[in-house]
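Heads up, the sequence shown is in numbering that gives the first Met the number 0, so the first residue is 0 and it goes up one at a time.
We put the beta carbon where it would ideally sit given N, CA and C, even for glycine.
Here the structure comes first, spelled out in structure tokens, and everything after it is commentary.
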Amino acid sequence: MSSIAMRVLIRIVRAIGKLFPCKPVIRPPGAVVEDKFLKLCIGCGHCIEACKVYGTGVLTFTSLRDGLKIWRTPKLDVARGFCGISIGVCSPPYPCTSACPTGALKQISSRVKLGSVVWFPERCIAFRGGECFVCVEVCPLNAFSKGSSGPVIDQSRCVGCGHCVRSCPANPKALELRPVGSVRIEDC
């Protein structure tokens with residue numbers, strides 16, 4: 000399928016998708032506010048490819064399961080990795096934002112909050128009496144500390160990089176990354 004035909008298909012699917020609910024997703028760093036993002040993003044995948052080659056490989060396309068309206072747009076998938084921008088692994092000019100040809104992703108000058116981690120104690124190995132504090136050990140920003148009944152999250156330190164979620168050994172994961180508190184760029 001030609002790139003023009005793909006862009007037309009994406010626009011049609013997104014227009015139909017406005018009638019159906021979407022899952023909340025974590026957008027790449029530098030993403031403009033969602034409505035503007037969906038108008039600007041053409042689904043080219045340049046940001047995803049740049050992240051694979053020069054970053055941590057955490058970006059992927061949204062699927063139809065995420066929602067028709069947001070289909071084939073970039074999102075963070077912590078099963079693939081963690082975001083390096085928010086914790087200093089990637090350095091400016093950032094690969095994903097530099098690769099965006101439409102302005103859906105803007106260059107940012109410092110770390111940005113991508114989302115918030117939610118803890119589910121009933122799934123947590125430490126909460127259930129096990130010897131696990133992997134989240135405390137892997138967090139590059141020291142947003143986790145050891146509490147008497149499991150990890151304690153300092154949301155003011157957490158930027159939502161996803162390192163803790165990716166590393167959590169519980170099944171299902173005791174941590175989830177959600178776009179709550181994410182910082183999006185208003186100026187477009």
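In terms of Cβ geometry, residue 109 and residue 154 do not form a close pair [threshold 7 angstroms]. For residue 104, the three-state secondary structure derived from DSSP is strand. With a threshold of 16 other beta carbon atoms within 10 Å, residue 3 falls short and is exposed. Only residues of its own chain outside the window of five on either side were considered, and among them 118, 123, 125, 132, 134, 135, 143 and 144 have a CB closer than 8 angstroms to the CB of residue 150, listed in chain order. For residue 119, no beta strand (DSSP E) run applies, since DSSP gives it neither H nor E.
If you look at residue 60, you'll find it in the beta strand (DSSP E) that goes 58-60.
The Cβ neighbour count for residue 11, taken over all protein chains shown within 10 Å, is under 16; the residue is labelled exposed. Taking a 10 Å sphere around the C-beta of residue 61, we find 16 or more other C-beta atoms and assign the residue as buried. The bridge partners DSSP lists for residue 152 are 143.
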